[in-house]
Structures are given as C-alpha cells and as structure tokens.
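Undergrad:
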Amino acid sequence: MTDVGSVRDHNEDSFFCTGIEDTGLFIVADGMGGHDGGEVASRLAVETVCNELRETAKREKDPIALIEKAVIAANKAVIREGNSKGSNMGTTLGVALLSEGGAYIANVGDSRAYWIKNGSISQVTEDHSLVAKLVAAGKITKEEARTHPKSNLLYRTIGSDENVKVDTYHLDLEKGGALLLCSDGLWGEVRDEDIHRACMAEKDLKAVCGRLVKMANDSGGKDNITVVAVRIM
C-alpha cells in the first residue's frame with residue numbers, strides 16, 4: 010500500500026509484491042530527484058529488479074547473490090536514465106525474497122525491513138543515513154535522530170554511485186511472525202513500538218497497512234508513505 014501523505018503533491022514511492030505458494034517477492038523504493046525524477050527512479054528500480062530476477066533465477070541458485078545482482082542492475086539502470094535526462098535522480102531500494110529457506114533481504118538507503126513477532130519488533134536493515142551513523146557512534150539518541158535537521162541526508166542510494174554497496178541479510182522465519190517493508194514516510198512518523206502494536210491489533214494485512222498509513226498521516230504525513238507486509242503462516 011502506498012499513499013502520497015498529507016503534505017506532498019505527488020508520490021515518488023513505488024512498491025511491488027507477489028506470492029506463489031512458498032515463494033514471495035516484496036519491494037519498496039523511495040525516489041528522490043527534481044520534477045518527476047524520484048518517481049521515475051523508484052519505478053525503474055522496482056521494474057529492473059523484477060525483470061532481473063525473472064531473467065537470472067534459473068542461472069543463479071544462491072538467493073543472496075540473486076537479489077544482490079538484481080539491485081546492482083537497478084542501480085545501473087537508474088544511473089543510465091539519470092544521465093540520459095541530465096537528472097540526479099535516485100531512490101532507496103529494499104527487496105525481500107521469501108522461500109522455504111527464509112527471507113533474503115537486500116537494502117540500499119533508508120527504507121526499512123522489520124521482523125515482527127507477538128512480543129517484539131526488530132529492525133533488520135541498517136539505514137544508510139548520517140543520523141544512523143551518529144546514533145551508532147553514540148553521539149545522538151534514536152529519539153534525537155527523529156527530529157535531527159539532517160535526518161533525510163543519505164550517504165548511499167540507488168543512482169548515486171556506479172559501485173554501489175548492497176547490504177544483504179538472511180532471516181529465519183517463524184510462523185505467526187510478520188515481515189514489513191516500509192519507506193521513511195512510515196517510520197519517520199510512527200515509532201517502532203507503535204508499528205508493532207498496530208501489526209498485532211489486526212489480523213488482515215490490508216487492514217494493518219491501512220492502519221499504519223493512517224497513523225503516519227495523523228502524525229503529520231510529511232512524506233510519501235509505503236508499507237508492504239507479509240505474515241508467515
């Protein structure tokens with residue numbers, strides 16, 4: 010689910026989700042750039058990942074290598090598009106490939122993946138932002154990071170560097186848990202513990218996403234909001 014938010018006049022986020030039996034693909038991208046650059050970048054990144062996975066899945070059997078190559082291909086595609094248009098377009102990109110072996114996750118930027126269970130919520134991915142570095146160094150708290158004047162400054166995005174580094178993760182999945190991907194339009198407005206409570210309050214995933222989007226808008230909705238959730242059955 011994606012929403013323009015309460016302040017922006019257009020949506021630069023893109024997402025994709027599909028599931029067949031025990032396999033699923035889930036993607037969130039938060040675009041940036043002048044005019045329609047962000048919208049183009051996020052949509053192109055999502056489309057490229059889908060196409061690349063479709064083309065290489067039969068040749069590449071390692072799920073981590075598979076999604077990493079797909080994200081690198083998306084980075085090259087966004088750079089080519091930006092160069093052709095003379096635009097510094099870019100996007101974050103979070104990809105989760107689910108199979109019997111668990112969740113295989115790739116991340117560039119500050120769109121997040123969360124693993125949610127009855128008693129806890131944990132951020133799986135690392136934000137590639139200045140404030141995340143400051144928090145890790147103990148110079149500011151997580152609460153201070155939420156209102157830091159440079160909270161939206163990223164040091165790694167899709168489209169900014171031909172040699173982009175892709176963070177990858179493997180997550181063992183437990184029945185009853187939920188994997189949630191989201192743009193900063195959600196987590197920048199809604200605290201982790203409130204995201205957790207909302208996920209536990211609803212069984213229907215569409216209702217979960219709708220509740221989270223409403224919470225983000227009620228808290229200001231300063232950015233586009235995208236939420237993708239999958240519950241492990």
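Those letters in the sequence shown? Residues 10 to 242, per my numbering, in order.
Idealized CB from N, CA, C, for every residue including glycine.
All values reported here derive from a predicted model rather than from experimental measurement.
Is D203 closer than 8 Å to S120 when the C-beta atoms are compared?
TA: no
Undergrad: Rank R17, M242 and K223 by C-alpha distance to the C-alpha of E250 and give the top, closest one.
TA: Here the chain comprises residues numbered 10 to 242, so residue 250 is not present and cannot be evaluated.
Undergrad: Taking its Cβ as the centre, do 16 or more other Cβ atoms sit within 10 Å of L162, making it buried, or is it exposed?
TA: When all chains shown are included, L162 counts as exposed.
Undergrad: For I149, which three-state DSSP category applies?
TA: Shown here, I149 sits in coil according to DSSP, grouped into three states, outside any helix or strand.
Undergrad: Skipping 5 residues on each side, what residues in its chain have a beta carbon closer than 6 Å to that of P72?
TA: L106 and Y113
Undergrad: So what does DSSP say about S138, is it helix, strand or coil?
TA: strand
Undergrad: Check whether the Cβ atoms of D39 and D12 lie closer than 8 Å to each other.
TA: no
Undergrad: Is H205 helix, strand or coil when you go by DSSP?
TA: helix
Undergrad: Apart from the five residues on each side of it in sequence, which residues of its chain come closer than 8 Å, Cβ to Cβ, to Q132?
TA: R121, A122, Y123 and D201
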